[in-house]
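Below is one structure; the comments refer to it alone.
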Amino acid sequence: MTDTDVEYDETVDARGAACPGPLMDLIGKMRDVDSGTVVRLQSDNDQSLTDVPEWVDEAGNELVAVEEGDEHNEFYVEKA
Amino acid sequence: MTEHIVIVGGGTGGTVLANDLAGRLDDEIDAGDVRVTLINDDPDHVYKPVWLYVPFGQREPADGRRPLDELVDDRVDLRIDRVTEIDTDAKRLRLQGSPRSVGYDYLTVATGSTLAPEEIPGLAEGGHNFYSESGATELREELLSFTEGTLVLSVVGTPHMCPAAPLEFVFMADSWFRERGLREDVDIVYTYPIQRVHGNPNIGEWARPLMDERDIQVETFFNAESVDPEEQTLTSMEGTEVDYDLLVDIPPHSGVDLIEEAGLGDGWVDVDKHTLEAEAAEDVYALGDTADTGVPNAGSVAHYQAGVVGQRLASEVRGQPPTAVYDGKTLCFIETGMDAASFVEFDYENPPSPAPPSEKLHWSKLAYNESYWLTARGLL
Ligand SMILES: Cc1cc2nc3c(=O)[nH]c(=O)nc-3n(C[C@H](O)[C@H](O)[C@H](O)COP(=O)(O)OP(=O)(O)OC[C@H]3O[C@@H](n4cnc5c(N)ncnc54)[C@H](O)[C@@H]3O)c2cc1C
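Same order as they appear, the protein sequences are chains A and B. Going by this note's numbering, the first sequence opens with residue 1, and the numbers climb by one from there. Going by this note's numbering, the second sequence opens with residue 1, and the numbers climb by one from there.
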């Protein structure tokens, strides 16, 4: 498990999902939340380490933090 | 004691499973030890792959319909009704058309996907889709009178049924307009939510050069946020805008409410991806589009999974430990035009490697569509 100080409002648990599942789950959540909301994405798919930052950049959102863990990684994304 | 196996949903997965059980457990059923009930909310079985061909005038919606009672083995009790509630503690189901609830010993949920275009403002008014019978028929009208302008195929929702179908549609539209001498006057644009043209990297890499060759324009990282039917524009979450004259969309999909209310998952049933057993309840299986396994929502998947659930249920009612597991097997023909198709086969361990498109594979797909009715009966 990762310990973090980053504050977040919503969590998307995409552990176990194959690519592009985690990114799609994140996109689905970002559709629903208001601007300023921080979403935590949990993914154990390595592809997410490139997919997620690329999309966040493209969509103009902010990647607040990425925490790499032994079992899974956590991405904190703030909606623009 | 009679063991009662109930299947909710008589689409591809539910029907194949019911027939599989009727064959596998024929002795037990005849002896009165096992009863199999299939509940579907429509007297007809619907074969959705036919809808891809309807907009191009190659099939009629009726080609994809057959009465369920013609397809299902006589040993199965067929009930036409809508299940409105699943109580996994009491092991009972409520039905819309009957005050009596139905008890089960083993339950399989095979309720498939439903379309949710209303999730995107303007999509229902501005777009067309070939993911329903009525949608496919309306799109046929639009396509027949479409002789110039921009046709946009936008993949809005994922996961969606048949991840190959959006690619097939643009390849077929490209050939269809070429054959009719209209391609120079029609622009075809394809949008996809992530950085490639298909969720699966291998299929994406294979399809992209074919699209470039055929002058199909591609917009990746495009997650449609709203549609303006007046202005005929589609706006994405990423801040881009695409103009269309004819919008064909793959709408967002959702599972049935029933599943969430039963605590089985958020519309899709959370299952062990090998055993297909529900995570949240005992003696409940899910298969096909409803089962959240991460594999494509395809009829072939529902078919293979039905075989696995059939074997497991037979073991359970016989008091043996079930051993059959699903390995992620998926099989898909991909139309690459009006007279050529490719083919992929993959599973949890082995990625797909699309076959070179050929006329033979196109005919194989059409032959499969024709023989589907034997598959549903459990004969193939
Ligand atoms: C245009 C198109 C093309 C496709 N092409 C292909 C292809 O080439 N190859 C392929 O493998 N797959 C293809 N598919 C996908 C395939 O059709 C589906 O993945 C498949 O039908 C899934 O089977 P299923 O049993 O899970 O659900 P379905 O076949 O959708 O069946 C679900 C059933 O449950 C019933 N139901 C739902 N809720 C209830 C309730 N509460 N009570 C009672 N009954 C209920 C429904 O009426 C329906 O009969 C295509 C799909 C589309 C839309």
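Beta carbons are placed, not taken as given, at the ideal position from N, Cα and C, and that holds for glycine.
Does residue i get closer than 8 Å to chain A when you measure Cβ to Cβ?
{"i": "Gly239(B)", "result": "yes"}
{"i": "Phe56(B)", "result": "no"}
{"i": "Thr323(B)", "result": "no"}
{"i": "Asn223(B)", "result": "yes"}
List the residues of chain B that residue i touches, going by C-beta distances under 8 Å, in chain order.
{"i": "Gly60(A)", "result": "Glu238, Gly239"}
{"i": "Asp51(A)", "result": "Ile194, Gln195"}
Rounded to the nearest angstrom, what separates residue i and residue j at their Cα positions?
{"i": "His198(B)", "j": "Asp20(B)", "result": "33 Å"}
{"i": "His362(B)", "j": "Leu49(A)", "result": "38 Å"}
{"i": "Arg40(A)", "j": "Ala367(B)", "result": "47 Å"}
{"i": "Gly64(B)", "j": "Asp9(A)", "result": "46 Å"}
{"i": "Pro357(B)", "j": "Glu230(B)", "result": "39 Å"}
{"i": "Gln47(A)", "j": "Arg35(B)", "result": "46 Å"}
{"i": "Lys48(B)", "j": "Ala65(A)", "result": "43 Å"}
{"i": "Gly239(B)", "j": "Ala59(A)", "result": "7 Å"}
{"i": "Phe56(B)", "j": "Leu17(B)", "result": "32 Å"}
{"i": "Ser145(B)", "j": "Asp249(B)", "result": "18 Å"}
{"i": "Met1(A)", "j": "Glu68(A)", "result": "Residue placement at Met1(A) cannot be trusted, given a pLDDT of 48 that sits under 50; what the coordinates show is reported in the next sentence. Straight-line Cα distance between these residues: approximately 10 Å."}
{"i": "Lys79(A)", "j": "His128(B)", "result": "30 Å"}
{"i": "Glu119(B)", "j": "Ser300(B)", "result": "28 Å"}
{"i": "Glu141(B)", "j": "Phe130(B)", "result": "12 Å"}
{"i": "Cys19(A)", "j": "Asn200(B)", "result": "8 Å"}
{"i": "Asp37(A)", "j": "Glu74(A)", "result": "Residue identity differs from the one stated: residue 37(A) is Thr in this sequence, not Asp. Roughly 16 Å between the two C-alpha positions."}
{"i": "Gln320(B)", "j": "Glu85(B)", "result": "30 Å"}
{"i": "Ala173(B)", "j": "Thr147(B)", "result": "12 Å"}
{"i": "Asp57(A)", "j": "His45(B)", "result": "45 Å"}
{"i": "Arg214(B)", "j": "Arg180(B)", "result": "15 Å"}
{"i": "Asn43(A)", "j": "Asp13(A)", "result": "First, the residue type needs correcting, since residue 43(A) is Ser and not Asn in the sequence shown. Cα to Cα, Ser43(A) sits roughly 7 Å from Asp13(A)."}
Since residue i meets chain B, which of its residues come closer than 7 Å, beta carbon to beta carbon?
{"i": "Glu54(A)", "result": "Gln195"}
{"i": "Val20(A)", "result": "Residue identity differs from the one stated: residue 20(A) is Pro in this sequence, not Val. Going along chain B in sequence order, the residues near Pro20(A) (Cβ under 7 Å) are Ile194, Gly199."}
{"i": "Leu23(A)", "result": "Ile194"}
Under a CB-based cut-off of 8 Å, is residue i close to chain B?
{"i": "Ala14(A)", "result": "no"}
{"i": "Ala81(A)", "result": "No answer is possible for residue 81(A): the residues shown for chain A start at 1 and end at 80."}
Within the present structure, is the beta-carbon of residue i separated from the nearest heavy atom of ligand 1 by less than 7 Å?
{"i": "Ala324(B)", "result": "no"}
{"i": "Pro49(B)", "result": "yes"}
{"i": "Ile39(B)", "result": "yes"}
{"i": "Thr290(B)", "result": "yes"}
{"i": "Asp339(B)", "result": "no"}
{"i": "Leu258(B)", "result": "yes"}
{"i": "Phe130(B)", "result": "yes"}
{"i": "Asp249(B)", "result": "no"}
{"i": "Met161(B)", "result": "yes"}
{"i": "Gly299(B)", "result": "yes"}
{"i": "Thr147(B)", "result": "no"}
{"i": "Gly204(B)", "result": "no"}
{"i": "Ser315(B)", "result": "no"}
{"i": "Leu153(B)", "result": "no"}
{"i": "Arg82(B)", "result": "yes"}
{"i": "Leu52(B)", "result": "yes"}
{"i": "Asp42(B)", "result": "yes"}
{"i": "Ala165(B)", "result": "yes"}
{"i": "Phe333(B)", "result": "yes"}
{"i": "Ser134(B)", "result": "no"}
{"i": "Gly199(B)", "result": "no"}
Given that residue i touches chain A, what residues does it touch there, using C-beta distances under 8 Å?
{"i": "Thr158(B)", "result": "Pro20, Met24"}
Residue i touches chain B at which residues, Cβ-Cβ below 9 Å?
{"i": "Arg40(A)", "result": "Within chain B, no residue comes near Arg40(A); the closest Cβ sits about 17 Å away, beyond 9 Å."}
May I ask you to check if the CB of residue i is nearer than 7 Å to at least one heavy atom of ligand 2?
{"i": "Ala110(B)", "result": "Judged by which ligands are present, ligand 2 is missing from the structure shown, whose ligands are ligand 1."}
How would you list, in chain order, the residues of chain A whose beta-carbon sits under 7 Å from the beta-carbon of residue i?
{"i": "Gly294(B)", "result": "Ala17, Ala18, Gly21"}
Are at least three pairs of beta-carbons, each pair with one atom in the region 29-41 of chain B and one in the region 334-344 of chain B, less than 8 Å apart?
no
Can you confirm whether the region 130-142 of chain B touches the region 223-242 of chain B when touching is taken to mean that 3 or more C-beta pairs between the two stretches lie within less than 8 Å?
no
Across the region 150-163 of chain B and the region 245-264 of chain B, are there enough close Cβ pairs to call them in contact, namely three or more that are closer than 8 Å?
yes
Three Cβ pairs or more, each shorter than 8 Å: is that satisfied between the region 342-352 of chain B and the region 309-316 of chain B?
no
Contact the region 281-294 of chain B vs the region 260-271 of chain B: 3+ CB pairs below 8 Å
yes
Check whether the region 109-123 of chain B touches the region 250-260 of chain B, taking contact to mean three or more Cβ pairs, one atom from each stretch, closer than 8 Å.
yes
If we count Cβ pairs, one from each stretch, closer than 8 Å, do we get three or more for the region 114-127 of chain B versus the region 80-91 of chain B?
no
With contact counted as at least three CB pairs below 8 Å, one residue from each stretch, are the region 210-224 of chain B and the region 173-191 of chain B in contact?
yes
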